[in-house]
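Trainee: One structure, pasted below without further comment.
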Amino acid sequence: MDAGDVCRYWETDPAQGLSPAAVRGRQARFGPNRLEEGRQPSPLAGFLRQFQDVVVWVLLAAAGVSLYLGERADAVTIAAIVLINAFLGFLHESRAERALQALERLTAPEAVVLRGGLLQQVDAAQLVPGDIIEVNGGDRVPADARLISGTALEVDEAALTGESVPVTKDAGDGRGLPEDTPLGDRSNMLYQGTHVTRGRGRAVVVATGSRTVMGQVAGLIGSARPEPTPLQRRLDELGRTLILACTATCAVVVAAGLAAGQPLYVMFLAGVSLAVAAVPEGLPAVITVLLGLGVQRMARRRAVVRRLPAVETLGAVTVICSDKTGTLTENRMRLRQVWFGGQEPPVPAGEAMQDPRMRRFLAVAALASDADPGGQGSPTERALVDAAAEAGVDVARLRRQRPRAGEVPFDSQSKRMVVVCRTLGGWEACVKGAPEVVIEQAQSWWDGRKPRPLTAEDRRRWLERAAAMADGALRVLAVAVRTGVGAPPPRRGGGGGGPGVLGLAPSPVPISGRRRTLAWE
Numbered sequence: 000m001d002a003g004d005v006c007r008y009w010e011t012d013p014a015q016g017l018s019p020a021a022v023r024g025r026q027a028r029f030g031p032n033r034l035e036e037g038r039q040p041s042p043l044a045g046f047l048r049q050f051q052d053v054v055v056w057v058l059l060a061a062a063g064v065s066l067y068l069g070e071r072a073d074a075v076t077i078a079a080i081v082l083i084n085a086f087l088g089f090l091h092e093s094r095a096e097r098a099l100q101a102l103e104r105l106t107a108p109e110a111v112v113l114r115g116g117l118l119q120q121v122d123a124a125q126l127v128p129g130d131i132i133e134v135n136g137g138d139r140v141p142a143d144a145r146l147i148s149g150t151a152l153e154v155d156e157a158a159l160t161g162e163s164v165p166v167t168k169d170a171g172d173g174r175g176l177p178e179d180t181p182l183g184d185r186s187n188m189l190y191q192g193t194h195v196t197r198g199r200g201r202a203v204v205v206a207t208g209s210r211t212v213m214g215q216v217a218g219l220i221g222s223a224r225p226e227p228t229p230l231q232r233r234l235d236e237l238g239r240t241l242i243l244a245c246t247a248t249c250a251v252v253v254a255a256g257l258a259a260g261q262p263l264y265v266m267f268l269a270g271v272s273l274a275v276a277a278v279p280e281g282l283p284a285v286i287t288v289l290l291g292l293g294v295q296r297m298a299r300r301r302a303v304v305r306r307l308p309a310v311e312t313l314g315a316v317t318v319i320c321s322d323k324t325g326t327l328t329e330n331r332m333r334l335r336q337v338w339f340g341g342q343e344p345p346v347p348a349g350e351a352m353q354d355p356r357m358r359r360f361l362a363v364a365a366l367a368s369d370a371d372p373g374g375q376g377s378p379t380e381r382a383l384v385d386a387a388a389e390a391g392v393d394v395a396r397l398r399r400q401r402p403r404a405g406e407v408p409f410d411s412q413s414k415r416m417v418v419v420c421r422t423l424g425g426w427e428a429c430v431k432g433a434p435e436v437v438i439e440q441a442q443s444w445w446d447g448r449k450p451r452p453l454t455a456e457d458r459r460r461w462l463e464r465a466a467a468m469a470d471g472a473l474r475v476l477a478v479a480v481r482t483g484v485g486a487p488p489p490r491r492g493g494g495g496g497g498p499g500v501l502g503l504a505p506s507p508v509p510i511s512g513r514r515r516t517l518a519w520e
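As numbered in numbering that gives the first Met the number 0, residues 0 to 520 make up the sequence shown, in order.
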């Protein structure tokens, strides 16, 4: 469905947005823009959950029998142990719940929305279908929305697709896409929970809350039935074993006494007393204290444990099944290999830092990027800016000295980005993009001493090196620069010289010491 049809369907004006009355009516109809959290258990339910283990049931039964037999001290002791155990478990879990709720309040998202012709910032929970929202680099998308317009808009959808490279978004001149288009290829849609890495855009909200794609994922996760942990299964088995053992012991004692001529009532009391004595009253409390210590150790490592049994589950892990993006890798790219021509084969980025051409090309790459040093931007552009800083380039100062005079944003058709900067007495066009585009348009290359014409054979060799780096699971970009005097050239001027090929890869999460040994084992 094209953007105009979407706006007509939701009865909204892209230039004015919804009226306050329409917003109130839709808030009452669709509810708040929040994911369904399910029914929160009461404190009493949380306390009673601590009595679900079979061992606890056995202990309560033993306390009742002791009270029936007149052993009040034993009954009080067993009951106190059970209650203390339940209180400790409830205390740990309630603290974790309060901490998580405080974090959620601190991270409540906001959105920029057009209502009644005025842009305003509101709580994202107040959004309704038909709202016109605006997003900019660094924002989190507050709801599922159909893009109306956008400029150099890129969105990190790793939370939904696992892809670390930001996706270019384009309204597509209002045209729609086929209904069976895969989620990752829907270039005219924005999805709740994803992050805008660069650019800006305006979109109409089409789904909120549990009706969003993220809400559907959360619903599937919430509907999953929790499985008992290995420790809970063992405790249940122990409880059943104790019941059988105590029953058998009581029967044997009673039978032996009756065979010896003892009264039935006396032997029954003796059998029950023996069975009660066999129950390990302190076991639940010991387990709760040990799990509580594990919770404290994880809290010191900035991990919040909502349920005590989760600590034991982590200790029983034998196989780690993990996705890559954001887990094994930091969702950040780093420069790995470079090739300027003349050296065989491509060299690691660390060694190339000594090459006098390296600083020059990284400065060009930084000028042709929108990312801020250590700040917002796509992972690829942040990697280029960080590499330039590592090579000794003061990116902020360089951009002040060479302000932009014009730019051609990257798009899927041109496959390149061109930034024209003003220099003293002239201009400099910095180009960054796909190797097959940048290298084909380059006119010369720098051998370290002087520029040399880039022949057809040179282009073939450059493209072969770029393909080899891509085969090595690297994200490959080419960088070129063109300089001149006088007024800057037209924004879409081609050409350029001195192409360099840069290979980037996701940065792995550092694992060392005992963690590395445990993960390897």
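For each residue, glycine too, the CB sits at the ideal point set by N, CA and C. A quick note: this is a predicted structure, and the numbers were derived from the prediction, not measured.
1) Quick one: is P450 buried, meaning 16 or more other Cβ sit within 10 Å of its Cβ, or exposed?
2) Check whether the stretch 232–244 and the stretch 51–60 are in contact - that is, three or more C-beta pairs closer than 8 Å.
3) Given this structure, state the Cα-to-Cα distance separating T379 from R197, to the nearest angstrom.
4) Applying the criterion that 16 or more other CB atoms from any shown protein chain within 10 Å of the CB defines a buried residue, is V112 buried or exposed?
5) State buried or exposed for A14, treating a residue as buried only when at least 16 other CB atoms are found within 10 Å of its CB.
6) Assign R114 to one of two classes, buried (16 or more other C-beta atoms within 10 Å of its C-beta) or exposed (fewer than that).
7) Based on the DSSP secondary-structure assignment, which residues constitute the bridge partners of G425?
8) Based on Cα-Cα distance, which residue from K168, G260, A255 lies nearest to G270?
9) Report all residues from its chain with a CB closer than 7 Å to the CB of L66; omit the five preceding and five following residues, and keep chain order.
10) Which of the three DSSP states is assigned to G492 in this structure?
11) Could you please give me the residues that DSSP links to T150 through a beta bridge?
12) What's the C-alpha gap between R359 and P498?
13) Please state the DSSP three-state secondary structure of L117.
14) DSSP state of P141, grouped into three classes?
15) On the DSSP letters alone, give me the boundaries of the alpha helix (DSSP H) that P19 sits inside.
16) According to DSSP, T167 sits in a beta bridge with which residue or residues?
17) Exposed or buried, what is L126 when buried is set at 16 or more other beta-carbons lying within 10 Å of its beta-carbon?
18) Determine which residues share a DSSP beta bridge with E92 and list them.
19) On a CA-only basis, which of P229, V253, E389, P165 is nearest T317? Give me that one, please.
20) Excluding the five sequence neighbours on either side, which residues of its own chain have a C-beta within less than 6 Å of the C-beta of A523, listed in chain order?
21) Taking CB distances under 8 Å as the criterion, tell me whether A78 reaches chain D.
22) By a C-beta neighbour count over all protein chains shown, 10 Å radius and 16 as the cutoff for buried, is L43 buried or exposed?
23) Among the candidates A382, T193, L292, M416, whose CA atom is the shortest distance from the CA of P505?
24) Buried or exposed, going by whether 16 or more other CB atoms sit within 10 Å of the CB of T454?
Mentor: Reading from the atomic positions:
1) exposed
2) yes
3) 12 Å
4) buried
5) exposed
6) buried
7) T422, V484
8) A255
9) A74
10) Residue placement at G492 cannot be trusted, given a pLDDT of 47 that sits under 50; the coordinates are not used to answer.
11) R199
12) 11 Å
13) strand
14) coil
15) 19–29
16) E153
17) buried
18) According to DSSP, which records beta bridges pairwise, E92 is partnered with nothing at all.
19) P229
20) This structure gives no information on residue 523, because the portion of the chain shown stretches from 0 to 520.
21) Among the protein chains of the structure shown there is no chain D, as only one such chain exists.
22) exposed
23) A382
24) exposed
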